[in-house]
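S.K.: Numbering (this note's numbering), first residue to last: 15 to 220.
Here a beta-carbon is modelled for each residue, glycine too, at the ideal position from N, C-alpha and C.
Keep in mind the model is a prediction, meaning the values are calculated, not measured.
Next up is a structure, given as structure tokens.
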């Protein structure tokens, strides 16, 4: 693998990493040489994925349980990851849910849950990891969005779409404290049968 594509020595956290797109991202980063922190609400499933990644790639992968909508849970997860690896170079905010349906039938609790996980969760994780990344003068924060921010289904109240769209529109808010840092944005990528938009917020001292 070329040096440009290598992630040897890097440590990556992937939220919602136990299955689906998150698992695929975790596997790909491990194949590039990164050590992996698989974060999920379901600890057993996260452990299964971490063990599978280690067996396939030879990289170290651990599982941590966290509720991304809860700041204290996220802080504890970041603390555990730092204690294990000594640093975190990459954060992938992948955790997300949908509760789409007709607005007259949607429960307020469903609305709140989607925004708490999809939008607030990305904020919580980014806020918790920013200081360690600044201290080490390197970091990449990747926010996973959805094609549904641009294409909606008929007769559905897309709270999931709203939260992902808000994440897209507000991505630059994470960069405001880094006025003396270099910030990168990249475009989109495709997964089998699913189109997702990936925004990379990277910074390093200049």
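Where do the N-terminal and C-terminal ends of the alpha helix (DSSP H) with residue 88 fall, by residue?
M.R.: Start at 1 with the first residue of the chain shown, and residue 88 comes out as number 74. 85–99 is the span of the alpha helix (DSSP H), which, as asked, contains residue 88.
S.K.: What do you get for residue 37, buried or exposed, if any count of 16 or more other CB atoms within 10 angstroms of its CB means buried?
M.R.: Taking the first residue of the chain shown as position 1, residue 37 is located at position 23. That one is buried.
S.K.: Have a look at 33, 41 and 128 and flag the residue whose alpha-carbon is nearest the alpha-carbon of residue 25.
M.R.: Position 11 of the chain shown, counting from 1, holds the residue named residue 25. Comparing Cα-Cα distances from residue 25 to each of 33, 41 and 128, the minimum goes to 41.
S.K.: What's the call for residue 56, buried or exposed, on a 16-neighbour Cβ count within 10 Å?
M.R.: As a first step, residue 56 must be located in the chain shown, where it is residue number 42. It is exposed - the Cβ of residue 56 has fewer than 16 other Cβ atoms within 10 Å.
S.K.: Compute the beta-carbon to beta-carbon distance between residue 50 and residue 73, rounded to the nearest angstrom, for a pair I have assumed lies under 8 Å.
M.R.: Along the chain shown, read from residue 1 onward, the residue named residue 50 stands at position 36. Along the chain shown, read from residue 1 onward, the residue named residue 73 stands at position 59. Sure, about 6 Å apart at Cβ, within 8 Å.
S.K.: For the region 76–96 against the region 137–145, are there 3 or more C-beta pairs whose distance is under 8 Å?
M.R.: yes
S.K.: Please name the residue in 107, 45 and 52 whose C-alpha comes closest to that of residue 133.
M.R.: Translated into the one-based positions of the chain shown, residue 133 becomes position 119. Nearest of 107, 45 and 52 to residue 133, Cα basis: 107.
S.K.: Quick check: residue 102 and residue 146, are their CB atoms within less than 8 Å of each other?
M.R.: As a working mapping, residue 102 is identified with position 88 in the chain shown. As a working mapping, residue 146 is identified with position 132 in the chain shown. Yes, these two residues count as a Cβ contact at 8 Å.
S.K.: Can you list, in chain order, the residues of its chain whose CB lies under 8 Å from that of residue 20, leaving out five sequence neighbours each side?
M.R.: Translated into the one-based positions of the chain shown, residue 20 becomes position 6. Only 46 and 47 meet the Cβ criterion.
S.K.: Using only the alpha-carbon positions, how far apart do residue 28 and residue 124 sit?
M.R.: Reading the chain shown from its first residue, position 14 is the one you call residue 28. Reading the chain shown from its first residue, position 110 is the one you call residue 124. Distance between the alpha carbons of residue 28 and residue 124: 24 Å.
S.K.: Whose C-alpha, out of 30, 158, 157 and 104, is nearest the C-alpha of residue 148?
M.R.: Within the chain shown, the letter at position 134 stands for residue 148. When each option's Cα is compared against that of residue 148, the closest is 104.
S.K.: Going by C-alpha to C-alpha distance, which of 154, 98, 158 and 131 sits closest to residue 87?
M.R.: The sequence position of residue 87 within the chain shown is 73, counting from 1. Residue 87 has its Cα closest to that of 131, out of 154, 98, 158 and 131.
S.K.: Could you tell me the alpha carbon to alpha carbon distance between residue 110 and residue 23, rounded to whole angstroms?
M.R.: To locate residue 110, count along the chain shown from 1; it is residue 96. To locate residue 23, count along the chain shown from 1; it is residue 9. In a straight line, the C-alpha of residue 110 is about 28 Å away from that of residue 23.
S.K.: By Cβ distance below 6 Å, which residues in the same chain neighbour residue 85 in space, the five residues on each side in sequence not counted?
M.R.: Position 71 of the chain shown, counting from 1, holds the residue named residue 85. Same-chain partners within the cutoff: 138.
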